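One structure is given below, encoded as structure tokens.
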Amino acid sequence: MQTSTPLASNEHEARQLLARLAASPLPHFINGIAHAGSGATFTNVSPVDNTALGEVASGGDAEVDLACQAAAAAFPAWRDMPGDRRRALLHRIADAIEARARDIALVECMDTGQALRFMSKAALRGAENFRFFADRAPAARDGLSLPADEHLNYTLRQPIGPVGVITPWNTPFMLSTWKIAPALAAGCTVVHKPAEWSPLTAQMLVEIAHEAGLPPGVLNTVHGIGEQAGKALTMHPAIKAVAFVGESATGSAIMAQGAPTLKRVHFELGGKNPVIVFDDADLDRALDAVVFMIYSLNGERCTSSSRLLVQASIHDAFVARLEARVRQLKVGHPLDPATEIGPLIHSRHLAKVCGYFDVARREGATVAVGGRSSRTLTQGNYVEPTLITGAAASMAIAQEEIFGPVLTVMPFVDEADALARANGVAYGLAAYLWTADVGRSLRLARDLDAGMVWVNSENNRHLPSPFGGMKASGIGRDGGDYSFDFYMETKNVCVALGTHAVPKLGTA
Ligand code: NAD
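Residues in the sequence shown are numbered consecutively from 68, following our numbering.
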């Protein structure tokens, strides 16, 4: 085939990979082997043109039960495997991910609509997640020595057991590794339920892991609809904890579903994250970061800064520069190296995002740029990058997570006003702050209701640092040792030195 442009060449390569994945319905992967399940399937479509990428096995109670039993049976041996052997195995998985990073990126682009410029890095970050937690596997059980006068207390950590991992469709490969790698490093076995709108790279991950030597049953993947396969997983008695990434409303449902079996839960949920720009900030760097943090990854990112709070004194000038940048963003095919914004994940999500443009207009805000689906790219779920100005804090576009390339701008007067606006939403995941005033940055970092605050920076990740949200944005933290705290039980052992007086009863 003639491949004349980088896009054509990338697409040709991607289509070959996709054809292999679509040869038969994408199976579950249970106890080390592909498993067709009951025969029920759902159709996976590409956001690029809404054509079918193939059928996917749709799991229910029976498949989830089989996977949970496999995870339970594999748990004792995996738990007892020496940490350095687990470390070596997880590094082999990282090696294999790196070797297939381009394949993963190409498939992810076609399955999710994310641009290749970002997905090529996301696949490599997946390998990095495995390496990071692999290196910590040998010491994951280490605890504290807490001596008292006549006793020595010491703590041990042990893996909690088989866990459920439920992931969303935005950057699914990277996010899955972020949850699965620490679980495996801790000594837990896993049943993974990937998002039904982006199942393909989860399949690549489980296959890669087994090719690298992961024992059967340690990582199992069950595809399916959230309210069927996902729900069954959260209710299964063999599953001791559920690590969930997705919408806040789904988190509430999972908490209720897991209550009868007292599931430990970890939730990474939605966000409506503010970026606050003061007039003393380095405005060139702030502008770059503002544009990047809402328009990269199609705005389908939990930590996207979807609310720009800009000081009134610089509002008009800053917004004028912002408008010019938004107009120049390149919307296109995700496999075109020039593309900055690809199609949204699904036609239903496109409709949801576009619905907010009508809401914005009805509520009296100004759609300064964009505000409609693409006029030129009509086959797929393409939307024009959108900038909304003149918004009031109470408007739906300033309160609700839109999860697309849509930025809502509001002016603020002073520090107190900025803080009140930033905190005045249900969410509390991330906040970004641009100012040259060190004292102000420290005060706001202290007072912002957000699990993560970046000062004069975009979302810069450091794997040992805690990642997670407050309020409706989540429960618990990932990253470094925080991940192990979730996947492990901490046990205290209290040993007497033999000198203390044991209380005597019945001696009188
Ligand atoms: P979603 O909640 O619709 O689905 C996420 C997963 O949950 C899917 O696998 C789905 O099948 C499953 N699910 C749905 N209903 C279920 C149920 N009743 N029981 C068990 N599982 C169920 O979320 P989404 O639309 O796929 O993802 C987008 C959302 O994820 C956004 O709100 C985004 O902010 C959030 N997110 C948060 C973070 C974070 O770190 N805080 C990261 C990425 C995405």
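We put the beta carbon where it would ideally sit given N, CA and C, even for glycine. What you are looking at is a predicted structure, and each value in this text was computed from that prediction instead of being measured.
The beta carbons of residue 435 and residue 456 sit about 5 angstroms from each other, so the pair counts as a contact at 8 angstroms. Annotation for residue 380: 346 place their beta carbon closer than 8 angstroms to its own, counting only its chain and skipping 5 residues before and after.
The beta carbon of residue 84 is closer than 7 angstroms to those of 170, 173, 174 in its chain, skipping five residues each way along the sequence. Residue burial annotation: residue 229 is buried, with at least 16 other C-beta atoms found within 10 angstroms of its C-beta. By the CB criterion at 9 angstroms, residue 410 and residue 180 fall inside the cutoff. Taking C-beta atoms as the reference points, residue 315 and residue 281 fail to come closer than 9 angstroms. Assignment of beta-bridge partners to residue 333 by DSSP yields 310. Taking a 10 Å sphere around the C-beta of residue 382, we find 16 or more other C-beta atoms and assign the residue as buried. Of all C-beta pairs linking the region 235-242 to the region 252-268, three or more are shorter than 8 angstroms, placing the two stretches in contact.
Residue 475 is a Cβ neighbour of residue 458, given a cutoff of 9 angstroms.
DSSP, read as helix, strand or coil, puts residue 561 in strand. If you ignore the 5 residues before and after residue 130, its C-beta comes within less than 6 angstroms of the C-beta of 95, 104, 289, all in its own chain and listed in chain order. Fewer than three pairs of CB atoms, one per stretch, sit closer than 8 angstroms, so the region 515-526 makes no contact with the region 294-310. Taking 9 angstroms as the cut-off, the beta carbon of residue 97 is found closer than this to the beta carbon of residue 134. If you check the CB distance, residue 494 and residue 558 do not come in under 9 angstroms. The beta carbon of residue 99 sits closer than 7 angstroms to the beta carbons of 277, 283, 284 from its chain, once the five residues preceding and following it are set aside; these are given in chain order. When the beta-carbon positions are compared, residue 123 and residue 400 stay at least 9 angstroms from each other. Nearest Cα to residue 211 within the set 565, 560, 550: 560. Within the DSSP secondary-structure output, residue 122 pairs in a beta bridge with 110. The Cβ atoms of residue 496 and residue 524 do not sit closer than 9 angstroms to each other. In the three-state reduction of the DSSP assignment, residue 250 falls in the helix class. Annotated three-state conformation of residue 339 is coil, per DSSP. Proximity of the region 249-261 to the region 144-157 meets the contact definition, three or more beta-carbon pairs being nearer than 8 angstroms.
The Cβ atoms of residue 473 and residue 361 sit closer than 9 angstroms to each other. Membership of residue 478 in the beta strand (DSSP E) is indicated by the continuous run 473-479.
Look at residue 312: its beta carbon is less than 8 angstroms from one of the heavy atoms in the ligand NAD. Counting only the Cα atoms, residue 413 lies some 8 angstroms from residue 113.
With a threshold of 8 angstroms, the Cβ atom of residue 544 does not count as near the ligand NAD, since no heavy atom of the ligand is closer than that. Taking the CA atoms as reference points, residue 222 sits about 11 angstroms from residue 562. The beta carbon of residue 438 sits closer than 6 angstroms to those of 424, 453, all from its chain and outside the five residues before and after it, given in chain order.
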